[in-house]
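Notes for the one structure printed next.
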Amino acid sequence: MTTFVIFIVLLSTFMHASWNLLAHYDRSESLFYRRMLIFIIIVGFLPTLISELQAKSLPPLAWLCVIGSGFSAGLYLFFLAKSFESADFSVVYPVARSLPVIFIGIIDTLRGRPLTAWGWVGIGLVSLGCFLVPQRSLRSFSWRSYLTPTTFWMLLTALGTIGYTYLDKIAAEVVQQSPATAARYGYIYFAISFIPYTLFLKFSHSSPSTEVSNPKGWKLAIPAAILSFGAYWLILWAYQLSPYASYIVAFRQFSIVIGSAVALTFYKESGLAVRLSGALLITAGLIFIAVLGR
């Protein structure tokens with residue numbers, strides 16, 4: 048990974064953590080995500096349509112990838128909302144976002160892009176840090192912390208992440224290489240994700256019923272939508288510039304450090320010492336990847 052790729056991925060992590068914090072602050076995640084997607088779809092429709100008709104930057108394989116990726120992303124948002132409804136932010140967010148790191152490293156290797164030994168050390172530290180973050184204290188460490196009903200939703204969230212990550216990486220290798228292409232692909236990704244997300248809300252009897260009576264929620268959903276789109280646009284661009292999806296996904300976990308610190312500070316969630324220790328392990332792992340993983 049080049050210094051520029053690391054920079055745009057880290058910039059993305061701040062944006063990603065910010066919109067997740069806004070979603071958690073709203074306390075109505077299912078409705079919040081729906082509003083985010085609606086805003087992105089409406090605002091981005093004409094610019095994406097006109098520019099893609101002119102550029103024709105997405106070949107058939109990329110269209111297949113973005114359809115599958117959008118479906119996976121819709122499931123990811125639905126399961127993430129379910130997780131947030133059942134547990135506090137600094138438990139759900141790290142575990143759901145970090146579990147795919149090792150699996151994507153394995154997929155990279157199977158695709159003929161093996162990680163260096165130090166790269167694996169870095170990924171191991173990131174994963175270990177993510178498992179420490181849910182603990183209230185080191186003394187109370189127990190695998191039972193991961194055997195709760197919420198864990199089921201977090202695992203499904205992780206599967207959605209693995210799905211859209213690698214489909215998007217494959218697409219990034221066949222499209223016209225440019226940030227504009229990444230933006231158009233990102234819009235289609237979000238637009239498609241709205242369909243499965245809305246259907247899952249409907250069939251799970253979680254369909255939002257307060258959208259009309261609570262218009263104030265848009266004040267948070269709109270900036271969150273901008274941050275969410277911007278964050279993933281940068282990641283899609285990074286996929287074009289780096290052969291390793293696993294390193295990019297690992298660096299995305301720096302948002303855990305940001306999100307957990309803010310959640311502990313402003314939401315007064317417990318477990319400061321052990322959770323910050325986990326965050327430091329994540330940071331150390333990313334340093335290994337950045338300095339020795341290339």
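Take any residue in the sequence shown, note its place counting from 1, add 47, and you have its number in our numbering.
The beta-carbon is built from N, C-alpha and C at its ideal position, and this holds for glycine as well.
Indicate the three-state DSSP secondary structure (helix, strand or coil) for residue i in the structure shown.
| i | result |
| --- | --- |
| Pro226 | helix |
| Tyr291 | coil |
| Thr163 | coil |
| Ser104 | coil |
| Thr197 | helix |
| Met62 | helix |
| Glu220 | coil |
| Arg186 | coil |
| Thr156 | helix |
| Met48 | coil |
| Gly325 | helix |
| Gly340 | coil |
| Val168 | helix |
| Phe335 | helix |
| Gly41 | For the chain, the structure presents residues 48 to 341; residue 41 sits outside this window and is missing. |
What's the C-alpha gap between residue i and residue j?
| i | j | result |
| --- | --- | --- |
| Ser130 | Val338 | 34 Å |
| Pro343 | Ile235 | This structure cannot settle anything about residue 343, because the visible part of the chain is limited to 48 through 341. |
| Ile269 | Ala164 | 42 Å |
| His71 | Leu127 | 11 Å |
| Leu194 | Ala326 | 22 Å |
| Ala230 | Arg158 | 26 Å |
| Ile334 | Phe250 | 44 Å |
| Gly117 | Ala285 | 18 Å |
| Ala297 | Ser145 | 8 Å |
| Val56 | Tyr232 | 17 Å |
| Thr257 | Arg186 | For Thr257, the predicted model reports a pLDDT of 49, less than 50, meaning its position is unreliable; a value from the coordinates is still stated below. If I take the Cα positions, the gap works out to 42 Å. |
| Phe301 | Thr50 | 16 Å |
| Ile336 | Leu111 | 31 Å |
| Pro290 | Ile217 | 10 Å |
| Thr197 | Tyr244 | 19 Å |
| Leu267 | Leu124 | 17 Å |
| Thr312 | Leu319 | 9 Å |
| Met83 | Trp200 | 21 Å |
Once you ignore the five residues that flank residue i on each side, which residues in its own chain have a CB closer than 7 Å to its CB?
| i | result |
| --- | --- |
| Ile149 | Ile170, Ser174 |
| Gly91 | Tyr234 |
| Ile305 | Thr60, Phe61, Ala64 |
Excluding the five sequence neighbours on either side, which residues of its own chain have a C-beta within less than 6 Å of the C-beta of residue i, listed in chain order?
| i | result |
| --- | --- |
| Ile282 | Ser59 |
| Thr228 | Ser104, Val222 |
| Pro226 | Trp284 |
Excluding the five sequence neighbours on either side, which residues of its own chain have a C-beta within less than 8 Å of the C-beta of residue i, listed in chain order?
| i | result |
| --- | --- |
| Leu274 | Met62, His63, Ser65, Trp66, Leu69 |
| Ile114 | Ile239 |
| Arg299 | Val56, Ser59, Thr60, His63, Arg144, Ile282 |
So is the beta-carbon of residue i under 7 Å away from any non-hydrogen atom of the ligand ZN?
| i | result |
| --- | --- |
| Ile282 | Looking for the ligand ZN in the displayed structure turns up nothing, as the structure carries no ligands at all. |
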